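For reference, the structure is listed below as structure tokens.
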Amino acid sequence: MTQPSLPLPDLSPQIKRAHYWQLRRRRLELGRRPLLMGILNVTPDSFSDGGRFLEPQAAVDHAWRLVAEGADILDIGGESTRPYAQPVPADQELRRVMPVLEALAGKLPIAISIDTSKAVVAREAIAAGAEIINDVTALTGDPAMLPAAVETGAAVCLMHMQGTPQTMQDNPEYQDVVGEVYAYLQARRDAALGAGIPLERIALDPGIGFGKLLEHNVALLQNAWRLHGLGCPVLVGPSRKRFIGELLGDLEADRRWGTIGAALALARQGVQILRVHDVGMVRQAIQIFEAVGGLDDPFFPVSGERKQ
Ligand code: HH2
């Protein structure tokens, strides 16, 4: 297993967790329990739910189901980023997501995030009411994205990926995956800050499954808490991903149960936002985990600071 080294923070009690995320209009308070970002893929080819919500009405219905299950954020995407997925032109991505956004905007009680790496899609989605740009390229995929984020005042989620979806699983390589992901997110945070995005609007994500082998994903899941050292909310997306099938030795296994296992481990590390498909299941699991003391471990940062 790769061992983390500098520039990571040590286990010092000075590490503080961000306790809110400022979105374009609202502020999300980040407490002990992680918030849940429900996934809505309006795509024919997403790895887990591709084709289920391509029809706008099916997507809208699913959005309301996620709200009823307890989602805090809805993440709408019109382009799959699974390994070897084909890029989608902007006009097609817009045709997928805009009818759904327009049907939901102003009605949905929770914040909407647009999962895109194209500035034109982000701008239109924000004009229709989205408050977060969730960009798996951390604002590097489109030179117009950083200005779009600054000018619209959207919150951003900056994610780590090695390579592109077309190449990322070919031969991912790291000397020190946790340290390298940490340093990358630090650099992208600083680029966003330098361009004028306030720290309170930036969330960071280690990018589970994006240019990573099993050992890399496991190291990042075990060390997600270290990202609190960057001063931003930490968002992690383990949902139904391949590492679960790999750990189980069965790629065909139902990955929802494994998702819950990962979600609990991340909750215990004080990760503030979990991006998941199965909102109701994960929410219930975390509620019980907390009720029986799962979040009371001294490892967990309480009210901003770790105990001990
Ligand atoms: N994972 C996926 C897509 N977007 N965004 C963030 N911030 N973090 C993630 O881990 C993440 C993400 C891939 O999952 P999914 O949306 O289910 O599949 P697809 O990309 O095939 O639509």
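Taking the numbering used here, the leading residue of the sequence shown gets 1, the next gets one more, and so forth. Quick reminder that beta carbons are idealized off the backbone N, C-alpha and C, glycines included. Keep in mind the model is a prediction, meaning the values are calculated, not measured.
Length of the line joining the Cα atoms of residue i and residue j
| i | j | result |
| --- | --- | --- |
| ARG255 | ALA71 | 19 Å |
| GLU173 | GLY106 | 44 Å |
| GLY293 | LEU248 | 27 Å |
| LEU193 | ILE126 | 20 Å |
| VAL279 | VAL156 | 21 Å |
| ARG240 | SER80 | 14 Å |
| ASN223 | GLU102 | 38 Å |
| TYR84 | LEU185 | 24 Å |
| GLY211 | GLN287 | 32 Å |
| VAL271 | CYS232 | 10 Å |
| PRO89 | LEU158 | 22 Å |
| LEU230 | ILE133 | 19 Å |
| GLN175 | LEU146 | 29 Å |
| PRO143 | PHE289 | 43 Å |
| ILE197 | GLY31 | 23 Å |
| ASP190 | HIS216 | 24 Å |
| THR2 | GLU55 | Bear in mind that a pLDDT of 48 at THR2, under 50, signals an unreliable position, so the number given afterwards is only what the model happens to contain. Approximately 43 Å between the Cα atoms of the pair. |
| VAL177 | VAL218 | 10 Å |
| GLN166 | GLY153 | 30 Å |
| LEU28 | VAL150 | 19 Å |
| LEU221 | GLY258 | 13 Å |
| ARG188 | SER46 | 26 Å |
| PRO22 | ALA291 | Looking at the sequence provided, one finds Gln at residue 22 rather than Pro. Rounded to the nearest angstrom, the two C-alpha atoms are 28 Å apart. |
| ARG283 | PRO238 | 14 Å |
Proximal residues to residue i (C-beta, below 8 Å), its chain only, five neighbours per side dropped
| i | result |
| --- | --- |
| LEU40 | PHE53, ALA59, HIS62, ALA63, LEU66, LEU74, ASP75, ILE76, GLY77 and VAL100 |
| LEU251 | ARG242 and GLY245 |
| PRO34 | ALA263, LEU266, ALA267, VAL271, GLN272, ILE273, LEU274 and ILE286 |
| GLN92 | GLY78 |
| ARG309 | No answer is possible for residue 309: it lies beyond the span of the chain, which begins at 1 and ends at 308. |
| ALA253 | ILE244 and GLY245 |
For residue i, the residue or residues it bridges with in DSSP
| i | result |
| --- | --- |
| SER113 | ASP75 and ILE132 |
| LYS118 | Answer by DSSP bridge pairing: none, since LYS118 is not bridged. |
| ASN41 | GLY77 |
| ARG27 | GLN22 |
| LEU36 | LEU274 |
Residue closest to residue i, alpha-carbon to alpha-carbon, out of the options
| i | options | result |
| --- | --- | --- |
| PRO44 | TRP21, LEU35 and PRO87 | PRO87 |
| VAL136 | ALA125, HIS160, ALA127 and ALA154 | HIS160 |
| LEU139 | ALA119, ALA128 and ALA130 | ALA119 |
| LEU295 | LEU274, ILE273, ALA265 and HIS277 | ALA265 |
| ALA68 | ALA224, MET37, GLN222 and ALA219 | MET37 |
| GLN162 | ILE208, VAL42 and GLU200 | ILE208 |
| ARG95 | GLU124, ILE110, ARG82 and ALA191 | GLU124 |
| GLN57 | PRO147, VAL97 and THR164 | VAL97 |
| PRO109 | GLU93, ASP91 and GLU131 | GLU131 |
| VAL236 | SER46, GLY229 and ASP205 | ASP205 |
| TYR20 | MET281, LEU213, ILE202 and LEU220 | ILE202 |
| ILE114 | LEU221, ARG24 and ALA291 | ARG24 |
| ALA195 | ALA148, THR164 and ARG283 | ALA148 |
| ASN171 | LEU214, ARG188 and ALA187 | LEU214 |
Residues near residue i in its chain [Cβ-Cβ closer than 7 Å; skip 5 each side]
| i | result |
| --- | --- |
| ASP10 | For ASP10, the predicted model reports a pLDDT of 46, less than 50, meaning its position is unreliable; a value from the coordinates is still stated below. Cβ neighbours of ASP10 beyond the five flanking positions: none. |
| LEU104 | VAL60, ALA63 and ILE112 |
| SER48 | ARG240 and HIS277 |
| ILE168 | It should be noted that the sequence gives Met, not Ile, for residue 168. Correct list, in chain order: PRO83, MET161, GLN162, PHE210 and GLY211. |
| ASN18 | For clarity, residue 18 is Ala in the given sequence; the question names Asn instead. Correct list, in chain order: LEU30, GLY231, CYS232, PRO233 and GLN272. |
| ALA128 | MET98, LEU101, GLU102 and ALA105 |
| MET281 | ARG256 and ILE260 |
| LEU199 | LEU193, GLY231 and CYS232 |
| THR164 | none |
Sequence-distant residues of its chain with Cβ nearer than 6 Å to residue i (five each side left out)
| i | result |
| --- | --- |
| THR116 | ALA122 |
| GLY50 | THR43 and PRO44 |
| GLY141 | SER117 |
| PRO301 | Low per-residue confidence applies at PRO301: pLDDT is 48, beneath 50, and the placement is therefore not dependable enough to give any value. |
What ranges does the beta strand (DSSP E) occupy inside the segment 121-160, keeping only unbroken runs of at least 3 residues that lie completely in it? The segment 121-160 contains these whole beta strand (DSSP E) runs: 132-135 and 155-159.
Those runs of the alpha helix (DSSP H) which lie wholly inside the segment 200-244 and span at least 4 residues: Annotation: the segment 200-244 contains the following complete segments of the alpha helix (DSSP H) (minimum length 4 residues), in chain order: 214-222.
Every unbroken beta strand (DSSP E) inside the segment 262-293 [3 residues or more]: Whole beta strand (DSSP E) segments, 3+ residues: 273-276.
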